[in-house]
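Peer 1: Next up is a structure, given as structure tokens.
Number of protein chains: 2
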Amino acid sequence: MKLTQIADIVHPSDSKILLLVLDGLGGLPLETGGRTELETARTPNLDALLPAGGCGLHDPVAKGITPGSGPGHLGLFGYDPLVYTIGRGVLEALGIEFDLRDGDVAVRGNFCTVDDRGDIEDRRAGRLPTEESAPLCELLDEIQVPGATWFVRPVKEHRFLVVARPDEPLESDIDDTDPEMTGVPPLPVTARSEASRPLAGMFAAWVDEARETLASQPSGNMVLLRGFAQLPDWPRFPDVFGVRAFAAAAYPMYRGVARLVGMEAAAVDDGLEALAAELERRIDDYDFFFLHVKGTDKAGEDGDFDRKVAIIEEVDAVVPRLLAAGPDVVLVTGDHSTPALMRSHSWHPVPFLMHGGPSRRESATSFGETGCQSGSLGRLHSWELMPLAAARAGRFAKYGA
Amino acid sequence: MKLTQIADIVHPSDSKILLLVLDGLGGLPLETGGRTELETARTPNLDALLPAGGCGLHDPVAKGITPGSGPGHLGLFGYDPLVYTIGRGVLEALGIEFDLRDGDVAVRGNFCTVDDRGDIEDRRAGRLPTEESAPLCELLDEIQVPGATWFVRPVKEHRFLVVARPDEPLESDIDDTDPEMTGVPPLPVTARSEASRPLAGMFAAWVDEARETLASQPSGNMVLLRGFAQLPDWPRFPDVFGVRAFAAAAYPMYRGVARLVGMEAAAVDDGLEALAAELERRIDDYDFFFLHVKGTDKAGEDGDFDRKVAIIEEVDAVVPRLLAAGPDVVLVTGDHSTPALMRSHSWHPVPFLMHGGPSRRESATSFGETGCQSGSLGRLHSWELMPLAAARAGRFAKYGA
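In structure tokens, the structure reads:
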């Protein structure tokens, strides 16, 4: 169902929806046939939500596809991540919470090292430490090419963000300058369309100045640019679902993706108490709340099965407090799986639990991957969860007469 | 997910994937509530693959749709058969392993019988036996119309293949000449587009010569042409999945479909030992292996439940030898169901089993339709199997940052 079709059936309601994301929630057993992290965790409060609700599995992008954080969260917000794609430059801007505006052109930059002839020796300048790359970014931030206002911000190690804010709207269909190999010079800035030539010319001039600025550096004496992108023109989440939407997350990337679809977002301290306090404080002012827990994903990436289990149990402990704030429908899930076994994101489908609203019989008695596999809510695409939550919250009228 | 989107996330790996297709594997019980062919067969070796893997059901085309061999296999190769359609002429060429080249125009021909006025009496010329139609094809193969090189090859009974290899590239959007009724003359060769007129004119001249050539035949004195088609310009399987791909099949149709998507294919003797030997011989030279077992489908088409059971058990017996060759991920399934009860292909979803790669708990302990229905890998579209196998073989990077 298209987002515009969803927007057509929204009707007014004062119900409240809570989306609690345990980043990388889905897991794997350490031994064949064993229990996952979620199945190992004692989760009495989450389990108690099942009877007046239900559970299931969702696929964030497609079967077999391992999502990044951007696509993972877009799916949970109702946006099919194969349709709603974010340019790399924009993702980089979201990740450092740069105040990207309509018309801004964001690009991911890499410091690289070139030899005397200008051929690339190292595409990442030896993964230049952030404390060395940040001062270089300050130098590049001084460069101003007529026709736009220019910004350069450090990201991490050899990575940085370049933003051009054109004086008038410009197209930005421009090829990467990274040839993705060494022994050759960086590619020239090349427009892929006639209308993108003015901006490509400005970026070419910017690159020339960057080369001169960096010429004396032993490592990181040149730049590569990738993923020229502007903010997408998508249906806004508050318009699609007819909700005032609020996001609370400790990490900028997640606030960034929430803002990208039109939510308001606040930075909070890491930790569950801070998230719960945010919900309690805002419950009357918004209809939809996205609370983001990062710890599960970090523990998974670290390969720390026990810590992931412990964090899931900490989340479980705060559930009564979240419920007490009064949400009508609660959706608990992850944006993807991050099994400790794999120390990385994975393609495995993600368990979810929905509570509130009229429900059929649920056979699962505890929240875990195996129970979710035969759960009463079935196996869904990630972007089908939000419509289901909205329906249970009484926010949709009939489709068709 | 589009094939081009899949190609974007492939990364290098030396893992090996084995796709073992038991043609028409899916079955039905002979009595209400009974066991299917697969459920009746003793399959200890296949069953042993389940714990470190999982099972499920796939729908080859869409719910309720019975696939032919072409769409069935395209789905297993990752190509949605509702998007990637093969023209009838091309399918006919694949079936007899005609060396169809880019730009060739392939058409399915039927011998028919017309009366003195030229009206069709029998659209299939009494299903002319192959031993009578083959010599007529030799006569037709002599016909050469300027502008192309022409080939005619017998297929079976009243069916044959015509191929025009134009001297220069030509469009082939041309209507069938079969009116699909008797008592009327064959339709003229008619172009559906301006650009297809030159080729239509050449085919019209060819049909005139064919009529003269066949005039004295008592049965099969005229031809009908259907499904003008050229080789499609699709993403190649080796490019999409980043694998060197090899197909082994005793029947030309299956080698043909494999070649159509860019695999290399070898003819092998009928029988499982020949397939296993082929895998052993090629294991170092390729990354993906498609082995085709025809017997299950033939037994199903013959309505021979017991023989289908026996062939499944023969396949099971060779599984240890296949595993010993060293594939990292094994996918065992069918291209469609061919229940002996129905003596034909059917629309029923097809059981599949995947082994290798990080896995959740699988509740099924034996490989069969009922266990697959609640299997840990769920219910998939056929074209989702290949991405899942590639993911489990560690061949995909993340989608999005």
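Residue numbers (the numbering used here), protein chains in the order written: chain A, 886 to 1286; chain B, 886 to 1286.
For each residue, glycine too, the CB sits at the ideal point set by N, CA and C.
#1: If I measure Cβ to Cβ from A:R1246 and keep anything under 7 Å in the same chain, skipping five residues before and after, which residues do I get?
#2: In whole angstroms, give me the CA-to-CA distance for B:A978 and B:L1025.
#3: Taking 8 Å as the threshold, find out whether the region 915-931 of chain A comes into contact with the region 1106-1117 of chain A through three or more Cβ pairs.
#4: Per the DSSP calculation, B:E1254 is bridged to which residue(s)?
#5: For the candidate residues B:S1244, B:L915, B:V1069 and B:T1075, whose alpha-carbon lies nearest to that of B:D1001?
#6: Between the region 1222-1240 of chain A and chain B, which residues of the former have a C-beta closer than 9 Å to a C-beta of the latter?
#7: Give, in chain order, every residue of the region 961-978 of chain A whose Cβ lies closer than 9 Å to some Cβ of chain B.
#8: Using a Cβ distance threshold of 8 Å, determine whether the region 1010-1020 of chain A contacts the region 1049-1069 of chain A, with at least three qualifying pairs required.
#9: Chain B partners of A:L1261, CB-CB under 8 Å?
#10: Is it a yes or a no for the region 1178-1196 of chain B touching the region 961-968 of chain B, going by three-plus beta-carbon pairs under 8 Å?
#11: Pairs of beta-carbons, one from the region 1213-1222 of chain B and one from the region 910-918 of chain B, closer than 8 Å: are there three or more?
#12: Find out if the Cβ-Cβ distance for the pair B:R1280, B:F1126 is shorter than 8 Å.
#13: Ordered along the chain, which non-local residues of its own chain (more than five positions away) have a Cβ less than 8 Å from that of B:V999?
#14: Less than 8 Å between the C-beta atoms of A:H1140 and A:A1150, yes or no?
#15: What are the residues that DSSP puts in a beta bridge with B:V1142?
#16: Express the C-alpha separation of B:L904 and B:P1120 in angstroms, rounding to a whole number.
#17: Between the C-alpha atoms of B:M1227 and A:A892, what's the straight-line distance to the nearest angstrom?
#18: Beta-carbon separation of B:S1267 and B:P945 under 8 Å?
#19: So, is B:K1041 buried or exposed, given that buried needs 16 or more other C-beta atoms within 10 angstroms?
#20: Under 8 Å, do A:Q1115 and A:V990 count as touching if we go by C-beta distance?
#21: Since A:T917 meets chain B, which of its residues come closer than 8 Å, beta carbon to beta carbon?
#22: Can you tell me where the alpha helix (DSSP H) holding B:K1193 begins and where it ends?
#23: Residues in the region 1125-1138 of chain B with C-beta within 7 Å of chain A's C-beta atoms, listed in sequence order?
#24: So, does the region 1205-1215 of chain B touch the region 1154-1167 of chain B, judging by three or more C-beta pairs under 8 Å?
#25: Run the CB neighbour count on B:T1250, radius 10 Å, all protein chains shown included, and call it buried at 16 or more, exposed below.
#26: Relative to the alpha-carbon of A:A1033, which residue among A:L1084, A:P1073 and A:T1015 has its alpha-carbon at the smallest distance?
#27: Under 8 Å between the Cβ atoms of B:R1277 and B:V1214?
#28: Let me know the secondary structure DSSP gives A:I981 once reduced to three states.
#29: Would you mind stating whether A:A1152 and A:K1193 have Cβ atoms separated by less than 8 Å?
#30: For A:C997, tell me which candidate among A:A1132, A:G1180, A:G988 and A:E1017 has the shortest Cα-Cα distance.
#31: Taking CB distances under 8 Å as the criterion, tell me whether A:G1086 reaches chain B.
#32: Would you call B:E1056 buried or exposed, if buried means 16 or more other Cβ atoms sit within 10 Å of its Cβ?
#33: List the residues of chain B whose Cβ lies closer than 9 Å to the Cβ of A:V946, in chain order.
#34: How about B:F1300: is its C-beta nearer than 8 Å to some C-beta of chain A?
#35: Mind pulling the chain B residues with CB within less than 9 Å of A:T1015?
#36: Under three-state DSSP, which class holds B:A1089?
Peer 2: The short version:
#1: Within the same chain, A:R1246 has close Cβ partners S1261.
#2: Computed Cα separation, rounded: 16 Å.
#3: Fewer than three pairs of CB atoms, one per stretch, sit closer than 8 Å, so the region 915-931 of chain A makes no contact with the region 1106-1117 of chain A.
#4: B:E1254 pairs with nothing; no bridge assigned.
#5: Ranking B:S1244, B:L915, B:V1069 and B:T1075 by Cα distance to B:D1001 puts B:V1069 first.
#6: Taking 9 Å as the Cβ-Cβ cut-off against chain B, the residues of the region 1222-1240 of chain A that qualify are P1224, L1226, M1227, S1229, H1230, S1231, W1232, H1233 and P1234.
#7: Within the region 961-978 of chain A, those residues whose Cβ lies closer than 9 Å to any Cβ of chain B are, in chain order, P966, L967, T970, I971, R973, L976 and E977.
#8: Put simply, the region 1010-1020 of chain A does not touch the region 1049-1069 of chain A. Fewer than three CB pairs are less than 8 Å apart.
#9: It should be noted that the sequence gives Ser, not Leu, for residue 1261 of chain A. Neighbours of A:S1261 on chain B: none; closest Cβ ~14 Å, over 8 Å.
#10: The answer is no - the region 961-968 of chain B does not touch the region 1178-1196 of chain B, with fewer than three Cβ pairs under 8 Å.
#11: Enough Cβ pairs lie closer than 8 Å, so yes.
#12: In contact: B:R1280 and B:F1126 (Cβ atoms closer than 8 Å).
#13: Excluding positions up to five away in sequence, the list reads I1005, E1006, P1070, P1071, N1106 and M1107.
#14: According to the sequence displayed, residue 1140 of chain A carries Arg and not His. Inclusion of A:R1140 and A:A1150 in the CB contact set at 8 Å is warranted, their separation being smaller than that value.
#15: DSSP output for B:V1142 lists no bridge partner at all.
#16: Between B:P1120 and B:L904, the C-alpha separation is close to 20 Å.
#17: Between B:M1227 and A:A892, the C-alpha separation is close to 46 Å.
#18: It is a contact, given that the beta carbons lie within the stated cut-off.
#19: Taking all protein chains in view, the Cβ of B:K1041 is surrounded by fewer than 16 other Cβ atoms within 10 Å, so the residue is classified as exposed.
#20: Closer than 8 Å, so yes.
#21: Within chain B, the residues near A:T917 are P936, A937 and S1244.
#22: Secondary structure note for B:K1193: its alpha helix (DSSP H) is the uninterrupted segment F1190 to A1209.
#23: Only those residues of the region 1125-1138 of chain B whose C-beta falls short of 7 Å from the nearest C-beta of chain A would be listed, and there are none.
#24: Taking a cut-off of 8 Å on C-beta distances, the region 1205-1215 of chain B touches the region 1154-1167 of chain B, as three or more cross pairs fall below it.
#25: So B:T1250 counts as exposed.
#26: Closest option to A:A1033, Cα to Cα, is A:L1084.
#27: At a Cβ-Cβ threshold of 8 Å, B:R1277 and B:V1214 count as neighbours.
#28: Assignment of A:I981 by DSSP, reduced to helix, strand and coil, places it in the coil class.
#29: Inclusion of A:A1152 and A:K1193 in the CB contact set at 8 Å is not warranted, their separation being larger than that value.
#30: Of the candidates A:A1132, A:G1180, A:G988 and A:E1017, A:E1017 places its Cα closest to the Cα of A:C997.
#31: Residue-level contact check: A:G1086 does not touch chain B, since none of the beta carbons of chain B fall below 8 Å from its beta carbon.
#32: Its Cβ being crowded by 16 or more others within 10 Å, B:E1056 is buried.
#33: What A:V946 touches in chain B: M886, Y1284 and G1285.
#34: Beyond the ends of chain B as shown, which are 886 and 1286, falls residue 1300 of chain B; an answer cannot be given.
#35: Neighbourhood of A:T1015 in chain B, by CB distance below 9 Å: empty, with the nearest CB roughly 18 Å away.
#36: In the structure shown, the three-state DSSP call for B:A1089 is helix.
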